[in-house]
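Notes follow the structure.
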Amino acid sequence: MLLSFIIPCYNEEEVLNMLYKRLNKVSKLIDNYDIEFIFINDGSKDKTEEIIEEFIKNDNRIKLLSFSRNFGHQAAVSCGIHYTNSDLAVIIDADLQDPPEIIPDMIKMYEETKCPIIYGKRISRDGETFFKKITATLFYRTINLLSEVQFPVDTGDFRLIDKNVIETYKSFEESPKYIRGLISWMGFEQKPFEYHREARAAGGTKYTLKKMLMLAITGIMSFSTKPLKISLYLGIIAIISALIFSIRVFYLYLFQPNLLVRGWASTIIIILFIGGIQLISLSIISEYLGNMFNEVKKRPEYIIKKKIF
Ligand code: UDP
Ligand code: MG
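So the sequence shown is numbered by my numbering: it starts at 18 and just counts up by one.
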């Protein structure tokens, strides 16, 4: 039986030694599985690749897939799943925010329950900004509100998945991918494993605000078409407000013409209101259209520059 660790890395030179030490220690506690560590170097500009190659010299359990440029965290995890042939896989961040020491217990839970997905559920998050926590909390709840499928909240990609999930995942062709959503969407039973999310071991977050926003948009758009209907609701609101407004103007015209603001203030308000709604609706439609365009092009999700397997 083979267990693989899937570890996406982007500019993680500061944590890699620490990570390897802790993973190695943990791997000694897992005796009924052969182990492989699949590092995906997501186009790092620092020494990430060199450090992993150094590890490989002394440890043949380590594998490396290096991207030609930065394709993003989801693409890196996706690549790891595509390349593994293991019976069990653990997806884990490189920065040690998800403590590897709990993995033996996750495996134990898997073996006792035979539940194909054991996902890490964060009961606390250390060392993260208030902004990160509040946006994450809001995002996980919004996506559940919008989506037809329900996803566990406060859960990243840190999880253990079995062969069936791995192989099912490989059959998904859509891109971009929102991995934790796709795994839920499969419908297999999943159980939470609660843990305290630690602060990053070293370095700063590699998830910029733009990357967070893109992940949120991908997540929502992959699993809901409800935003497309927002334009309908906004349109209705606009029409009703315009009606109320014109009744008022007509009333003033008939009974209090001296109160009526002549000129174009009122017109401008209406134009801005309707214009705003049109632009919002258009941008929502174009987001979906853009995604369809990308999918029609069928470009690969990532490009591998170097592979040590
Ligand atoms: N990561 C990646 N590509 C990116 C951004 C991040 O592979 O473009 C990796 C990163 O190296 C880490 C994981 O994804 O292993 C999570 O990133 P990070 O810890 O920076 O995100 P946060 O925990 O702050 O949300
Ligand atoms: Mg992190």
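For glycine and all other residues, C-beta sits at the position ideal for the given N, C-alpha and C.
For residue i: DSSP bridge partner residues
| i | result |
| --- | --- |
| glutamate 66 | Glutamate 66 pairs with nothing; no bridge assigned. |
| isoleucine 321 | Phe84 |
| glutamate 53 | Ser21 |
| glutamine 207 | Ile134 |
| asparagine 58 | Cys26, Ser83 |
| histidine 99 | The partner list for histidine 99 (beta bridge, DSSP) is empty, contrary to what the question assumes. |
| tyrosine 212 | Arg139 |
| isoleucine 108 | Ile23, Arg176 |
Buried versus exposed, by CB contacts within 10 Å (16 or more), residue i
| i | result |
| --- | --- |
| glutamate 206 | exposed |
| histidine 90 | buried |
| glutamate 191 | exposed |
| proline 317 | exposed |
| proline 25 | buried |
| serine 263 | exposed |
| arginine 176 | buried |
| leucine 36 | buried |
Option in the options with minimal Cα separation from residue i
| i | options | result |
| --- | --- | --- |
| isoleucine 135 | Gly144, Arg142, Ile109 | Ile109 |
| serine 188 | Glu215, Met309, Ile98 | Ile98 |
| isoleucine 325 | Thr235, Glu66, Ala219, Glu31 | Glu66 |
| serine 83 | Lys74, Leu296, Ile68, Asn77 | Ile68 |
| alanine 219 | Asp104, Met231, Ile23, Asn28 | Asn28 |
| phenylalanine 298 | Leu269, Ala111, Ile247 | The sequence shown places serine at residue 298, rather than the phenylalanine named in the question. With distances taken between Cα atoms, serine 298 lies closest to Ile247. |
| methionine 238 | Pro193, Gly293, Tyr212, Gln295 | Pro193 |
| proline 133 | Ser103, Cys96, Ile178 | Ile178 |
| alanine 216 | Leu113, Asn161, Ile73 | Leu113 |
| glutamate 71 | Lys62, Phe56, Ser85 | Phe56 |
| isoleucine 286 | Ile52, Ala255, Asn87, Tyr37 | Ala255 |
| asparagine 75 | Asp48, Lys38, Asn49 | Lys38 |
| alanine 259 | Val166, Pro244, Leu289 | Leu289 |
| serine 21 | Glu31, Val32, Leu33, Ser44 | Ser44 |
| glycine 221 | Lys138, Glu31, Lys131 | Glu31 |
Can you list every residue whose CB sits closer than 5 Å to some heavy atom of the ligand UDP, going in chain order? Result: Pro25, Cys26, Tyr27, Glu29, Asp59, Gly89, His90, Ala93, Asp110, Ala111, Asp112, Thr222, Lys223, Tyr224.
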